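Residue numbers for the sequence shown follow my numbering, so the first one is 375 and each next one is one higher.
Here the structure comes first, spelled out in structure tokens, and everything after it is commentary.
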Amino acid sequence: MDLNLSQETWNLVFRILVAALLGGILGLERDIHGRGAGLRTHLLVSAGAALFMILSIRIPTLEIATPAEVSRVTDPGRIAAQIVTGIGFLGAGVIIREGFTVRGLTTAACLWVAAAIGMAAGIGLYLIASITTFLALFALVLLRKLERYYRKDVYRDLEVKVSNEVDVRRILDVIMSNEVMVTFFGIKRDYETHTTTATMSLRIFYRGTADKLSHEIIHRLEQSHIPLKSVRWFRS
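Written out as structure tokens, the structure is:
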């Protein structure tokens, strides 16, 4: 087997290796945080995107037809466009909704960026690909820490069941605070079971972890001496 590759071939191989390296860097960060699409996935996406970009550039130059026919039947932009479409399907596969939380959005965006990095490396834009990689790492690592220091909003639904004798305004008095705003409040009374169901939509202002404040709201109700039958968060 003759391994004396031309300089041009080595250049194309180098592009794929650069794409794999940069995509792998992003994938390593996702892998460290236990995401399903990690090192191998990002590496493959970036390297594959680079190869597709190389093909999109090279196909019009292949001696498969006359120049007139090549210009008529080949479009380098088609393959690049299909990369974006394919990454959309791949990204959708890593997005999961668990209760009140949607997981995988950042990983899906990371896959999208990894593909773009691979495409840039595939056409030889190494500096652009490298800068984009470090910008993505900045967003994934440093901005994650910054999120702890500013307040964010989350919307959740709460259901509280009490006996019909309980004044439901007591429930509101317990829940209302500087961190919680009630955007909807509904009451349903069942006279057969003597149960009042209070349903409310809450806007929670939190800094850090929203689940911690959610548990605190439940704790407030339990410590309020209101005779509760049940309390639960639910998804409307």
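Backbone N, C-alpha and C fix where the C-beta goes; we use that ideal spot for every residue, glycine too.
Only a predicted model underlies this, so the values are computations on that prediction, with no experimental measurement involved.
Boundaries cannot be given for Gly498, as no alpha helix (DSSP H) includes it and DSSP labels it neither H nor E. Using a Cβ distance threshold of 8 Å, Ala394 and Ala421 count as a contacting pair. Taking C-beta atoms under 8 Å as the contact rule, Thr557 and Arg544 fail to qualify, at a distance of about 19 Å. Here Ser537 has His568, Thr569, Thr570, Pro601, Lys603 as same chain residues with Cβ atoms under 8 Å from its own Cβ, once five neighbours each way along the sequence are excluded. Cβ-Cβ separation between Val528 and Arg594: approximately 17 Å, too far for a contact (criterion under 8 Å). Taking each of Val534, Asp564, Arg525, Ala489 in turn and checking the Cα distance to Glu596, the smallest one comes out for Val534. Here Thr383 is not bridged, per DSSP, to any residue. The beta carbon of Val542 sits closer than 7 Å to those of Ile561, Thr570, Ala572, all from its chain and outside the five residues before and after it, given in chain order. Just measuring C-alpha positions, the residue of Leu400, Ala495, Ile406 sitting nearest Phe388 is Ala495. Going by beta carbons, Thr459 and Ala411 fall outside the 8 Å limit.
Of the other Cβ atoms in all chains shown, 16 or more fall within 10 Å of the Cβ of Ile390; this residue is therefore buried.
By the neighbour-count definition (other C-beta atoms within 10 Å, threshold 16), His416 is a buried residue. When the Cα atoms are used, Ile491 and Thr506 turn out to be separated by approximately 7 Å. If you draw a straight line from the Cα of Glu382 to the Cα of Val515, it comes to about 37 Å.
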